[in-house]
Amino acid sequence: MYKFLIGLFIFFGGMTSAHADQGTIQVVAAENFWGSLVSQLGGNHVSVVSVVSDPNADPHEYESNANTAKIFATANYVILNGAGYDSWADKLLSAGTNTKRKVLNVADLLGKKNGDNPHFWYNPDYVNQVTFKMEQDLISIDPSNTEYYKEQYAQLQKALGSYQNRVLSIKNQFGKTPVACTESIFFYPAAALGLNLISPAEFMDAIDEGNDPPVQSVVKFQQLIKDKKIQVLVYNEQTVTPITESIKKMATDAGIPIVGITETIQPPDATFQDWMNGELMAIENALNAKALGK
Numbered sequence: 002m003y004k005f006l007i008g009l010f011i012f013f014g015g016m017t018s019a020h021a022d023q024g025t026i027q028v029v030a031a032e033n034f035w036g037s038l039v040s041q042l043g044g045n046h047v048s049v050v051s052v053v054s055d056p057n058a059d060p061h062e063y064e065s066n067a068n069t070a071k072i073f074a075t076a077n078y079v080i081l082n083g084a085g086y087d088s089w090a091d092k093l094l095s096a097g098t099n100t101k102r103k104v105l106n107v108a109d110l111l112g113k114k115n116g117d118n119p120h121f122w123y124n125p126d127y128v129n130q131v132t133f134k135m136e137q138d139l140i141s142i143d144p145s146n147t148e149y150y151k152e153q154y155a156q157l158q159k160a161l162g163s164y165q166n167r168v169l170s171i172k173n174q175f176g177k178t179p180v181a182c183t184e185s186i187f188f189y190p191a192a193a194l195g196l197n198l199i200s201p202a203e204f205m206d207a208i209d210e211g212n213d214p215p216v217q218s219v220v221k222f223q224q225l226i227k228d229k230k231i232q233v234l235v236y237n238e239q240t241v242t243p244i245t246e247s248i249k250k251m252a253t254d255a256g257i258p259i260v261g262i263t264e265t266i267q268p269p270d271a272t273f274q275d276w277m278n279g280e281l282m283a284i285e286n287a288l289n290a291k292a293l294g295k
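Take the sequence shown: its position 172, counting from 1, is numbered 173 in this note's numbering, and each next residue is one higher.
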């Protein structure tokens, strides 16, 4: 099956996108969080396809198909998360022959590698670096519309300010509050919010990698809940296992507020900043509720 996909990719890789000839940049984003940002930057000069966007699926388990291979092959601009998060996309790119295609690998841009925490979109500083690079890439591909992309970039930066200001507000009010998460997805947000993420790293990393966490880390996590050492439990709604469900139930029984977050934009038609802002509001409400003893 994989050889079949490779063949399709090579075949289509030699083709030129008809839309590109008409002045529209064909963009493929491996995930919809990067797709939302580049779509807002490109406006009516881009056509964006986000591959991973299913709210009911674990992005780590995505497998490419013939249609994905074709979309990648005919794209003018491809955006990957990198750091092993979307390795399926690396395989498609390495099989293609489209040398004119521009590729943004976010991990490479940030100086990250396989094994590093790949949830870069949850770091506001990284988001700013990526959107700036996206703007520069669009200008490089389509220099005749430079001023348009600059205007779009300014508007996007203003729009992103809404959730980034909330990050600072939460940090100022709740900095150093001990919290926990069932997975390493909350590593960057916790740091940005100034929260003290005390759930065992071995537990979070194992769940993120699709493995059973070490017994010792499970016991430690359970003890944190029993002793009510954490104020809020953050829960990845797209990576659900019996052990994470057990941790979630324990927290509920202990009266610890639970906040669900996701790896892809929910709902899928929301903008990146609205998604981020909604999750931050839920975290802020949970921290407030715990502080007020509710």
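We put the beta carbon where it would ideally sit given N, CA and C, even for glycine.
Computed from a predicted structure; not experimentally measured.
Asn124: which of Ala287, Ala84 and Phe188 sits nearest, CA to CA? As a first step, residue 124 must be located in the sequence shown, where it is residue number 123. For the options Ala287, Ala84 and Phe188, the alpha carbon positioned closest to that of Asn124 is the one of Phe188.
Do you know whose CA, among Met135, Ala193 and His61, lies nearest Asn212's CA? Residue numbering aside, residue 212 sits at position 211 when the sequence shown is read from its first letter. The candidate whose alpha carbon is nearest that of Asn212 is His61.
With distances taken from CA atoms, which of Thr253, Phe34 and Lys101 is nearest Ile26? As a working mapping, residue 26 is identified with position 25 in the sequence shown. It is Lys101.
At which residue ranges does the segment 185–233 contain complete alpha helix (DSSP H) runs of 4 or more residues, listed in the order of the chain? Listed in chain order, they are 188–194, 202–209 and 216–227.
Run of the alpha helix (DSSP H) containing Ser88, from where it starts to where it stops: On the sequence shown, position 87 is the one that residue 88 refers to. That run of the alpha helix (DSSP H) goes Ser88 to Ala96.
For the segment 91–130, which segments carrying the alpha helix (DSSP H) assignment without a break, of at least 4 residues, lie completely within its bounds, in sequence order? Counting only runs of 4 or more, we get 107–111.
Pull up the CB-CB distance for Leu161 and Gln267, whole angstroms please, since I reckon it's below 8 angstroms. Working through the sequence shown from its first residue, we reach residue 161 at position 160. Working through the sequence shown from its first residue, we reach residue 267 at position 266. Not quite, the Cβ-Cβ distance comes to about 18 angstroms (not below 8 angstroms), so this is no contact.
Are the beta-carbon atoms belonging to Ile80 and Val28 less than 9 angstroms from one another? Your numbering for residue 80 matches position 79 in the sequence shown. Your numbering for residue 28 matches position 27 in the sequence shown. Yes; because the gap between Cβ atoms is below 9 angstroms, this pair is in contact.
Tell me, please, whether the segment 116–123 touches the segment 72–91 by the rule of three or more beta-carbon pairs shorter than 8 angstroms. Of all C-beta pairs linking the segment 116–123 to the segment 72–91, three or more are shorter than 8 angstroms, placing the two stretches in contact.
Since I believe Lys177 is in contact with Asp138 (beta carbons under 8 angstroms), could you give me their beta-carbon distance rounded to a whole number of angstroms? Along the sequence shown, one-based indexing puts residue 138 at 137. Along the sequence shown, one-based indexing puts residue 177 at 176. For Asp138 against Lys177, the beta-carbon gap comes to about 38 angstroms, at or over 8 angstroms, which does not count as contact.
Taking the Cβ atom as the reference point for each residue, do Val233 and Ile259 lie within a distance shorter than 9 angstroms? On the sequence shown, residue 233 is found 232 positions in, with the first residue counted as 1. On the sequence shown, residue 259 is found 258 positions in, with the first residue counted as 1. In this structure, Val233 lies near Ile259, with their beta-carbon atoms less than 9 angstroms apart.
Could you have a look at Ile142 and say whether DSSP puts it in helix, strand or coil? Within the sequence shown, the letter at position 141 stands for residue 142. Ile142: helix per DSSP, three-state reduction.
Quick one: give me the first and last residue of the beta strand (DSSP E) that Ile262 is part of. For this step, residue 262 is matched to residue 261 along the sequence shown. Taken as a continuous stretch (DSSP letters only), the beta strand (DSSP E) holding Ile262 covers Ile259 to Ile262.
Rounded to a whole number of angstroms, what is the C-alpha to C-alpha distance between Pro201 and Glu148? Locating residue 201 in the sequence shown gives position 200, counting from the first residue. Locating residue 148 in the sequence shown gives position 147, counting from the first residue. If I take the Cα positions, the gap works out to 48 angstroms.
For Gln239, does the three-state DSSP call read helix, strand or coil? Translated into positions along the sequence shown, residue 239 becomes position 238. Secondary structure of Gln239 (DSSP, three-state): coil.
I need the boundaries of the beta strand (DSSP E) containing Glu1, first residue and last residue. The question about residue 1 has no answer, for the chain in this structure spans 2 to 295.
Close-in-space but distant-in-sequence residues of the same chain around Ile208 (CB under 7 angstroms, 5 per side omitted): Indexing the sequence shown from 1 puts residue 208 at position 207. Excluding positions up to five away in sequence, the list reads Thr183, Glu184, Pro214, Thr240, Thr242 and Thr245.
For Ala76, report the span of its alpha helix (DSSP H) as first-last. The residue you call residue 76 lines up with position 75 of the sequence shown. Element bounds for Ala76: n/a, residue is neither H nor E.
Take the Cβ of Val216 as the centre, count every other Cβ of all protein chains shown within 10 Å, and call the residue buried at 16 or more, exposed below. Stepping through the sequence shown from its first residue, residue 216 is reached at position 215. Exposed, since its Cβ has fewer than 16 Cβ neighbours within 10 Å.
Suppose you measure from the CA of Asp59 to the CA of Leu281; what does that come to, to the nearest Å? For this step, residue 59 is matched to residue 58 along the sequence shown. For this step, residue 281 is matched to residue 280 along the sequence shown. Rounded to the nearest whole angstrom, the C-alpha separation of Asp59 and Leu281 is 21 angstroms.
Hey, could you find the ends of the alpha helix (DSSP H) Ser163 is sitting in? As a working note, residue 163 is residue 162 in the sequence shown. Start and end: Thr147 to Phe175.
If the criterion is Cβ atoms closer than 9 angstroms, does the pair Tyr78 and Val107 meet it? To locate residue 78, count along the sequence shown from 1; it is residue 77. To locate residue 107, count along the sequence shown from 1; it is residue 106. Cβ atoms of Tyr78 and Val107: not closer than 9 angstroms.
Could you tell me whether the Cβ atoms of Thr265 and Phe34 are closer together than 9 angstroms? Taking the sequence shown and counting its residues from 1, the one referred to as residue 265 is at position 264. Taking the sequence shown and counting its residues from 1, the one referred to as residue 34 is at position 33. Going by beta carbons, Thr265 and Phe34 fall inside the 9 angstroms limit.
Out of curiosity, what's the CA-to-CA distance linking Phe204 and Asn237? Residue numbering aside, residue 204 sits at position 203 when the sequence shown is read from its first letter. Residue numbering aside, residue 237 sits at position 236 when the sequence shown is read from its first letter. Between Phe204 and Asn237, the C-alpha separation is close to 13 angstroms.
If we call anything under 9 angstroms between Cβ atoms a contact, is Asp109 one with Ala31? Here residue 109 refers to the residue found at position 108 when the sequence shown is read from its first residue. Here residue 31 refers to the residue found at position 30 when the sequence shown is read from its first residue. No, Cβ-Cβ distance for Asp109 and Ala31 is not below 9 angstroms.
Grouping DSSP H, G and I as helix and E and B as strand, with all else coil, what is Ser247? One-based indexing of the sequence shown puts residue 247 at position 246. The three-state secondary structure of Ser247, taken from DSSP, is helix.
Does the distance from the CB of Tyr63 to the CB of Val52 come in under 9 angstroms? Against the sequence shown, residue 63 aligns to sequence position 62. Against the sequence shown, residue 52 aligns to sequence position 51. In this structure, Val52 lies closer than 9 angstroms to Tyr63 by Cβ.
In three-state terms, what does DSSP make of Lys291? Here residue 291 is taken as the residue at index 290 of the sequence shown, counted from 1. Collapsing the DSSP output to three states places Lys291 in a helix.
Among Pro190, Leu198, Asn286 and Ala292, which one has its Cα closest to the Cα of Thr263? By 1-based counting over the sequence shown, the position of residue 263 is 262. Per the Cα distances, Pro190.
DSSP state of Ile297 mapped onto helix, strand, coil: The structure shown does not extend to residue 297, since the chain spans only 2 to 295, so no value can be given for it.
For Gly36, which residues of its own chain have a beta-carbon under 6 angstroms away from its beta-carbon, when the five flanking residues on both sides are left out? Taking the first residue of the sequence shown as position 1, residue 36 is located at position 35. Excluding positions up to five away in sequence, the list reads Ala30, Val49 and Ser51.
From which residue to which residue does the beta strand (DSSP E) around Ala181 run? To locate residue 181, count along the sequence shown from 1; it is residue 180. From DSSP, the beta strand (DSSP E) with Ala181 extends over Pro179 to Cys182.
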